[in-house]
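There are 2 protein chains.
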Amino acid sequence: MTSDPKSLAESVLAGDRLALARLLTLIENEVSEGLEALNLLYPSTGDAHLIGITGAPGTGKSTLVNRLTHFLRNKPQPKDVQAPHHSPRVAIVAVDPSSPFTGGAILGDRIRMRDLAGDAGVFIRSMASRGAVGGLAKATASVVEGLDAAGFNSILIETVGAGQAEVEIARTAHTTVVISAPGLGDEVQAIKAGILEIADVLVVNKADLPGADNTLRVLRSALKLGYPEKYDSKVEEKDTADGSTWVPPILSTVATSGEGIPDLAQVLEDHRHYLEISSEGHRREREHLRFRLNQLLRDHLIARFVEENPDGRYEELFERVLARELEPRKAIRLLVQGETE
Amino acid sequence: MTSDPKSLAESVLAGDRLALARLLTLIENEVSEGLEALNLLYPSTGDAHLIGITGAPGTGKSTLVNRLTHFLRNKPQPKDVQAPHHSPRVAIVAVDPSSPFTGGAILGDRIRMRDLAGDAGVFIRSMASRGAVGGLAKATASVVEGLDAAGFNSILIETVGAGQAEVEIARTAHTTVVISAPGLGDEVQAIKAGILEIADVLVVNKADLPGADNTLRVLRSALKLGYPEKYDSKVEEKDTADGSTWVPPILSTVATSGEGIPDLAQVLEDHRHYLEISSEGHRREREHLRFRLNQLLRDHLIARFVEENPDGRYEELFERVLARELEPRKAIRLLVQGETE
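Chains as they are written, first to last, in the working numbering: chain A, 1 to 341; chain B, 1 to 341.
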């Protein structure tokens, strides 16, 4: 099956799910046809609410993402709205920075299929590193761009853990949710405290388990440390989106029963509103784009360098560094600037 | 306090701990004096055994690293050795990819200080991302190089989790140990299965807890999946270093009591020996160096580009991409190749 970028882009805009799946695969594999189609789609991007959802293993992220998706798709319409009701279309991008050596990602997908199968307003995409870990954040940004152009209103980007990949992926999202759960040990809490900096919303999932109060307490202390001036005890009461500042609220959920999910959906909406009316939304959009452009620039410079230097100079210097006859930094200077020794 | 790179490098080689600490700080902050000293030290590197130790939060990594260090420092000398006994010098590099928002890293250090304080043959260095997450792997590689030059025999590089940073850091190490523990949930096991690809040695710590047998079983199944031909049931019995192939052995430890630590030390020694007598050691050394050089090359190309393009062209194109008048990839082409539209 071949098609030119233009007709691929048109099919995606027309809502063709197979074309979308194909576009995402081409993008992930950096096939030029897909990247050109993405270029054509670029003017159609920028409308989706990009929501990053991360947390340590065992916090129930996948279940929560499924429940949230289900809620967004089936949310009751306010009574005073007369216009025909359109539920928001939701895409899920599940990013697993570990490789698909065993079926972790596959298992999660199977559970998803059962919960959300048959809903044409939901699109699920799993991404694994497949060895090329370094490119995962970049590929995720491109895939999200494709889903944005395809008209999904909310894009949930689910990642595991608190590593470098998660922080980079958080830079893609407008709103970042960090999930905790009771009973995962103190070290886990410390890590979560570590990613508080990227959290716009904090969720204590499995709030029906013993120890949930303690988890809440730990997060609250960490928040106080991070926002010594802004923080007050009311943050959980949603008095947060006053338009000028945002202190991450802490929500309790039980994803398996759906408890707290409507509140979470509301807080996500509040945060989106906050980004719109404050300068923070613009600031983030600029920062994300700068990150993205710098990434592309880096790739481009390397590709050009490799193209311009096809001879064995790199290999020759490589061997000399390996033999410890030459320092790595000196080798790079010799290579790039054509310096003589 | 100032000193030239040459005298700094000499002090480090002479075993001056303060000079070493200063060198590592200069390297971490990319101060040219430190990088030049590192260049001078480069011929003295390559002798240390670099051991990466990673695992999910709550597996007891830090305790295990402390115990292992203590064991290596105080290992009984074989009776038939007549020469004066020198215990190996051990350095610990604790890498925390989450930011030091709260005291996770600091707490760990405090426990370390208590256990290992006063031993001049031990050097501990904590590294946190301090916002610049992208540079953490690079900084770690340089710091390890500095410790290698300073004559440490074993360098234990401890990282948390299974993210991109960990995989990159694993590329620095000769031997990578992945730690599991019972009772951390199925999702955790799946993640661990995900990093089996980078594991040379598998450890089930907290082996005295209920569920340890199950964790062992899960890891064994995952290994069988990964090494369908090589794997046999004897892997735990250390019949692994036959010189031609290496199947990651699975060890049980109780780090808090020290149980299993001598076996772990032996397996690490076995793996080092395996790397020496097989072609795998050379292969890895080449791969690590290539990764390192490519990283330096990338940084250098960016720095040169910024230097050569000091005017507002980047900013102009940035604004147009932000306004969605221009696609990101097209902007980069215009910027780098001076293409006209």
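Note that beta-carbon positions come from the ideal geometry of N, C-alpha and C, so glycine has one too. Please read these numbers as outputs of a predicted model, since none were measured by experiment.
TODO: Output yes if chain A places a C-beta closer than 9 Å to the C-beta of Ile-27/B; else output no.
DONE: Walking along the second sequence from the start, residue 27/B turns up at place 27. With 9 Å as the cut-off, Ile-27/B does not count as an interface residue toward chain A.
TODO: Just the C-alpha distance for Leu-50/B and Asn-74/B, rounded to the nearest angstrom, thanks.
DONE: For this step, residue 50/B is matched to residue 50 along the second sequence. For this step, residue 74/B is matched to residue 74 along the second sequence. The alpha-carbon atoms of Leu-50/B and Asn-74/B are separated by roughly 19 Å.
- [ ] Give the secondary structure of His-70/A by DSSP, where H, G and I count as helix, E and B as strand, and everything else as coil.
- [x] Counted from its first residue, the first sequence places residue 70/A at position 70. Residue state, collapsed to three classes: helix.
Task: Coil, strand or helix - Thr-54/B by DSSP - done: Residue 54/B sits at position 54 when you count from the first residue of the second sequence. It is a strand residue.
Open item on the list: Could you check whether Arg-67/B and Ile-261/B sit closer than 9 Å to each other, using their CB atoms as the reference points?
Closed with: Residue 261/B sits at position 261 when you count from the first residue of the second sequence. Residue 67/B sits at position 67 when you count from the first residue of the second sequence. Yes, they are a contact pair.
Open item on the list: Contact criterion: CB-CB distance below 9 Å. Does Phe-152/B meet it with respect to chain A?
Closed with: The residue you call residue 152/B lines up with position 152 of the second sequence. False, the Cβ-Cβ gap to chain A never drops below 9 Å.
Task: Short Cβ contact (9 Å threshold) for Thr-329/B with Leu-251/A - done: Here residue 329/B refers to the residue found at position 329 of the second sequence. Here residue 251/A refers to the residue found at position 251 of the first sequence. The residue asked about is misnamed: residue 329/B is Arg in this sequence, not Thr. Against a cut-off of 9 Å, the Cβ pair of Leu-251/A and Arg-329/B comes out as no contact.
Task: Member of Phe-305/B, Leu-223/B and Leu-293/B whose CA lies at the smallest distance from the CA of Arg-298/A - done: The sequence position of residue 298/A within the first sequence is 298, counting from 1. The candidate whose alpha carbon is nearest that of Arg-298/A is Phe-305/B.
Task: Cutoff 9 Å: Ala-56/B Cβ touching any chain A Cβ - done: In the second sequence, residue 56/B corresponds to position 56, counting from 1. At least one chain A Cβ lies under 9 Å of Ala-56/B.
TODO: Pull out every residue of the stretch 319 to 331 of chain A whose Cβ sits closer than 9 Å to any Cβ of chain B, in chain order.
DONE: Val-321, Leu-322, Arg-324, Glu-325, Leu-326, Glu-327, Pro-328, Arg-329, Lys-330 and Ala-331
Task: Close-in-space but distant-in-sequence residues of the same chain around Leu-40/A (CB under 8 Å, 5 per side omitted) - done: Taking the first residue of the first sequence as 1, we reach residue 40/A at position 40. Once the five neighbours on either side are set aside, the close Cβ partners of Leu-40/A are Pro-5, Lys-6 and Ala-9.
- [ ] Note down, in chain order, each residue of its chain lying with its Cβ closer than 6 Å to the Cβ of Lys-192/B, except the 5 sequence neighbours on either side.
- [x] In the second sequence, counting from the first residue as 1, residue 192/B sits at position 192. With a pLDDT of 47 at Lys-192/B, under the threshold of 50, the predicted position of this residue should be treated as unreliable, though the coordinate-derived value follows. These residues qualify, in order along the chain: Ser-180.
Task: Bridge partners - Ser-180/A, DSSP secondary structure assignment - done: Within the first sequence, the letter at position 180 stands for residue 180/A. The partner list for Ser-180/A (beta bridge, DSSP) reads Val-204/A.
- [ ] Could you tell me which residues DSSP pairs with His-49/B in its beta bridges?
- [x] On the second sequence, residue 49/B is found 49 positions in, with the first residue counted as 1. Paired residues: Ser-154/B.
Task: Chain-order list of residues whose beta-carbon lies under 7 Å from that of Glu-145/A (same chain, five-residue window excluded) - done: Reading the first sequence from its first residue, position 145 is the one you call residue 145/A. Closer than 7 Å at Cβ, skipping near neighbours: Leu-38 and Thr-45.
TODO: Tell me where the beta strand (DSSP E) around Tyr-250/B begins and ends.
DONE: Here residue 250/B refers to the residue found at position 250 when the second sequence is read from its first residue. In the sequence on display, residue 250/B carries Ile and not Tyr. Start and end: 250 to 252.
Open item on the list: I'd like the span of the alpha helix (DSSP H) that includes Pro-262/A, first residue to last.
Closed with: The sequence position of residue 262/A within the first sequence is 262, counting from 1. Where Pro-262/A is concerned, the enclosing alpha helix (DSSP H) stretches over 261 to 277.
Task: Identified DSSP bridge partners for Ser-126/A - done: Position 126 of the first sequence, counting from 1, holds the residue named residue 126/A. Answer is Ala-94/A, bridged to Ser-126/A.
- [ ] Could you give the DSSP three-state label for Glu-237/A: helix, strand or coil?
- [x] Locating residue 237/A in the first sequence gives position 237, counting from the first residue. Bear in mind that a pLDDT of 42 at Glu-237/A, under 50, signals an unreliable position, so the number given afterwards is only what the model happens to contain. Residue state, collapsed to three classes: helix.
Open item on the list: Whole angstroms are fine: how far does the CA of Thr-176/A sit from the CA of Ala-150/A?
Closed with: By one-based count along the first sequence, residue 150/A stands at place 150. By one-based count along the first sequence, residue 176/A stands at place 176. Taking the straight line from one Cα to the other gives about 22 Å.
- [ ] Find the residues of chain A that neighbour Leu-296/B, judging by a C-beta separation of less than 7 Å, and give them in chain order.
- [x] Walking along the second sequence from the start, residue 296/B turns up at place 296. Chain A residues near Leu-296/B: Pro-328, Arg-329 and Ile-332.
Task: Identity of the residue in Thr-253/B, Ser-257/B and Arg-272/B nearest Asp-263/B by Cα - done: Locating residue 263/B in the second sequence gives position 263, where the first residue counts as 1. It is Thr-253/B whose Cα lies nearest to the Cα of Asp-263/B.
Task: Cβ of Leu-293/B within 9 Å of any chain A Cβ - done: Working through the second sequence from its first residue, we reach residue 293/B at position 293. Yes, its Cβ sits closer than 9 Å to a Cβ of chain A.
Task: Where His-300/A meets chain B, residues with beta-carbon distance less than 7 Å - done: As a working mapping, residue 300/A is identified with position 300 in the first sequence. Within 7 Å Cβ-Cβ: Ile-332 and Val-336.
TODO: Say whether chain A places a C-beta atom closer than 9 Å to the C-beta of Leu-346/B.
DONE: Look at the range of chain B in this structure, 1 to 341, and you will see that residue 346/B is not part of it.
Task: Inter-residue spacing [alpha-carbon to alpha-carbon] between Lys-206/A and Gly-121/B - done: Indexing the first sequence from 1 puts residue 206/A at position 206. Indexing the second sequence from 1 puts residue 121/B at position 121. Roughly 46 Å between the two C-alpha positions.
Task: Three-state secondary structure assigned by DSSP to Thr-175/B - done: Counted from its first residue, the second sequence places residue 175/B at position 175. Note: Thr-175/B maps to strand in three-state DSSP.
Task: Reference His-300/B; option with closest CA among Arg-292/A, Leu-268/A and Leu-335/A - done: Mapped onto the second sequence, residue 300/B falls at position 300. Among Arg-292/A, Leu-268/A and Leu-335/A, the Cα nearest to that of His-300/B is on Leu-335/A.
Task: Same chain only: Cβ atoms within 8 Å of Asp-119/A, ignoring 5 sequence neighbours per side - done: Here the question's residue 119/A lines up with position 119 in the first sequence. Excluding residues within five positions, the ones whose Cβ falls inside 8 Å are Arg-73.
Task: Lys-192/B (DSSP reduced to helix, strand or coil) - done: One-based indexing of the second sequence puts residue 192/B at position 192. At Lys-192/B the pLDDT is 47, less than 50, meaning the model places this residue with poor confidence; the figure from the coordinates comes in the next sentence. Lys-192/B: helix per DSSP, three-state reduction.
- [ ] Using a cut-off of 7 Å between C-beta atoms, extract the partners of Gly-46/B located in chain A.
- [x] The residue labelled residue 46/B in the question sits at position 46 within the second sequence. Correct list: Arg-324.
- [ ] Kindly give me the distance between the Cβ atoms of Leu-136/B and Val-95/B, rounded to whole angstroms, as I take these residues to be in contact under 8 Å.
- [x] Counted from its first residue, the second sequence places residue 136/B at position 136. Counted from its first residue, the second sequence places residue 95/B at position 95. Sure, about 7 Å apart at Cβ, within 8 Å.
Task: Any chain B beta carbon closer than 9 Å to Val-42/A - done: Here residue 42/A refers to the residue found at position 42 when the first sequence is read from its first residue. What sits at residue 42/A in the sequence shown is Tyr, not Val. By this cut-off, Tyr-42/A is an interface position.
Open item on the list: Distance check for Tyr-314/B and Ser-142/B, CA to CA, integer angstroms please.
Closed with: Here the question's residue 142/B lines up with position 142 in the second sequence. Here the question's residue 314/B lines up with position 314 in the second sequence. Cα-Cα distance, rounded: 31 Å.
TODO: Report, in whole angstroms, the separation of the C-beta atoms of Val-267/A and Val-201/A, which I expect to be a contact under 8 Å.
DONE: Here residue 267/A is taken as the residue at index 267 of the first sequence, counted from 1. Here residue 201/A is taken as the residue at index 201 of the first sequence, counted from 1. Contact flag correct, Cβ pair sits at about 6 Å.
Task: Proximity of Asn-214/B and Ala-48/B at Cβ, strictly below 9 Å - done: Here residue 214/B refers to the residue found at position 214 of the second sequence. Here residue 48/B refers to the residue found at position 48 of the second sequence. Cβ distance not < 9 Å, so Asn-214/B and Ala-48/B don't count as in contact.
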